[in-house]
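*Asks:*
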Amino acid sequence: MTELALVLTVAVITYLSRAAAVVLLPPARGRMLGFVSRIPAPLFAGLAVFALVGEGVAVPDPPTIGAVIAALAVTPKKSLGLTLAAGIAGYLLIDLVL
Amino acid sequence: MARDAEITLATVAPIGAAIGVFGTLYGAAAEPLLGTWLTVVSSVLIFSGTVQFTMAGLLAASAGPLAVIWAVFVVNVRNFALGAAVRPRLTGSAPARMLVSWFLIDETVGLALASHESADRTLIRTGLVAYLSWVLGTVVGALAGAVLGLEGLASSLFPVLFIGLAALMIPHRSALARALAGAAVTFALLALWPALAGLAPVIGGVAAAVSWGGHD
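Quick note, the sequences are listed as chains A and B, same order.
According to the working numbering, the first sequence is numbered sequentially starting from 10.
According to the working numbering, the second sequence is numbered sequentially starting from 31.
#1: The alpha helix (DSSP H) spanning residue 96 of chain A covers which residue range?
#2: For a test of the three-state rule: what should DSSP assign to residue 192 of chain B, helix, strand or coil?
#3: If you pair each beta-carbon of the region 159-174 of chain B with each one of the region 63-82 of chain B, do three or more pairs fall below 8 Å?
#4: Using a cut-off of 7 Å between C-beta atoms, extract the partners of residue 71 of chain B located in chain A.
#5: Report, in whole angstroms, the separation of the C-beta atoms of residue 138 of chain B and residue 156 of chain B, which I expect to be a contact under 8 Å.
#6: So which residues on chain B does residue 98 of chain A lean against when the C-beta distance must stay under 9 Å?
#7: So, is residue 94 of chain B buried or exposed, given that buried needs 16 or more other C-beta atoms within 10 angstroms?
#8: Does residue 11 of chain A come out as helix, strand or coil in the three-state DSSP assignment?
#9: Can you confirm whether residue 108 of chain B, when its beta carbon is compared against all beta carbons of chain A, has any partner nearer than 8 Å?
#10: Please tell me whether residue 108 of chain B and residue 215 of chain B are closer than 8 Å, where the distance is taken between their beta carbons.
#11: Can you say whether residue 189 of chain B is buried or exposed, counting buried as having 16 or more other CB atoms within 10 angstroms of its CB?
#12: Spatial neighbours of residue 32 of chain B within its chain, please: C-beta separation below 6 Å, excluding the five flanking residues on both sides.
#13: Below 7 Å on C-beta distance, what does residue 78 of chain B contact in chain A?
#14: Check the Cβ-Cβ distances between residue 12 of chain A and every residue of chain B, and say whether any is below 8 Å.
#15: Taking residue 207 of chain B as the reference, which of A:11, A:47, A:56 has the closest Cα?
#16: Against chain B, does residue 56 of chain A count as a neighbour if the rule is that its beta carbon must be under 8 Å from one of theirs?
#17: Is the CB of residue 93 of chain A under 8 Å away from at least one CB in chain B?
#18: Please check if any C-beta of chain B sits within less than 8 Å of the C-beta of residue 39 of chain A.
#19: Could you round the C-beta distance between residue 96 of chain B and residue 130 of chain B to whole angstroms and report it? I think they count as a contact, below 8 Å.
#20: Taking only three categories from DSSP, how would you classify residue 33 of chain B?
#21: My understanding is that residue 49 of chain A touches residue 140 of chain B, with C-beta atoms under 8 Å, so please give their C-beta distance in whole angstroms.
#22: Please name the residue, chosen from B:160, B:186, B:213, B:62, that lies closest to residue 46 of chain B on a Cα-to-Cα basis.
#23: Should residue 79 of chain B be counted as a contact of the ligand ZN given a C-beta to heavy atom distance under 7 Å?
#24: Out of B:100, B:88, B:234, B:119, which has the shortest C-alpha to C-alpha gap to residue 148 of chain B?
#25: Determine the direct distance from the alpha carbon of residue 106 of chain B to that of residue 31 of chain A, and round the result to whole angstroms.
#26: Counting Cβ pairs closer than 8 Å, one from the region 58-68 of chain A and one from the region 79-90 of chain A, do we hit at least three?
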């Protein structure tokens, strides 16, 4: 398989996985709607954990821990921009100190 | 309408900037593996940081095509959960939803679910910004080569970004409990079965949604 064929295959798989749920499957109703509405928060929290520790559950470097702590501190504000800014500030602060 | 556009732009601008940085890092990482033009083509056609970094990481580790394809399939399983969550809020026809699904990524779904305006419109607006940022970032990274000094900051933004998106999805205490449960289950799965990799957050998220009812 050439590299171009591999990239094309990956592109097709990725697009089909996106389209399947919003085109092929019927919209959720009733109890199913309640269930799918409960998925995003724990899914994103799980993705945060995965992005933080990776497959091997490695300890993140101190600046990354600083970024995460700073981001968590501002989550009550429910602002994505503020969360990212706090994360960057936390990272740079710890990186500067260490 | 103009105010909606301003709000969306202000909301999505930090995400676009972060995605642009990730795109630059991907371009720098993938260029030695795929060459300049195929690195850019991969971002144009795939438009998924998680998938593309996974692909590049496996290619760098000399993995075969089947291993790459399997890993990509596993990583993409979470798109079913994201799509199922946003599907009830999409009002367009099937062809329109096929178009919108191109922009179905973690960040755009998070904003579409949090926004009070049309989910279709939010996905397209924020998706276009994210897409252009990703491709332009890749071009810069592929042409400029290794970008020294940005890798650490950019990689630390992934968990920060997901924390911010999770926070937007937490309107009350029971949702917070579910988010914490999802994080805990994901951590436990990664510790016990590292091979689950990108599937662990999906299992953790669904398990928390099933077992932690509460009001919504």
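Using N, Cα and C, we set each Cβ at its ideal position, and we do this for glycine too.
These numbers were taken from a predicted model, which means no experiment stands behind them.
*Replies:* Put simply:
#1: 89-106
#2: helix
#3: yes
#4: 16
#5: 5 Å
#6: Those do not exist, as residue 98 of chain A stays about 10 Å from chain B at its closest Cβ, beyond 9 Å.
#7: exposed
#8: coil
#9: yes
#10: no
#11: buried
#12: Below a pLDDT of 50, predicted positions are generally treated as unreliable, and residue 32 of chain B, at 44, falls in that range; no measurement from the model is reported.
#13: 23
#14: yes
#15: A:47
#16: yes
#17: yes
#18: no
#19: Not confirmed; about 31 Å, so no contact.
#20: Summary for residue 33 of chain B: the model assigns pLDDT 46, below 50, so the residue's position carries little reliability, and this model does not support an answer.
#21: 7 Å
#22: B:160
#23: You won't find the ligand ZN in this model; it holds no ligand whatsoever.
#24: B:119
#25: 14 Å
#26: no
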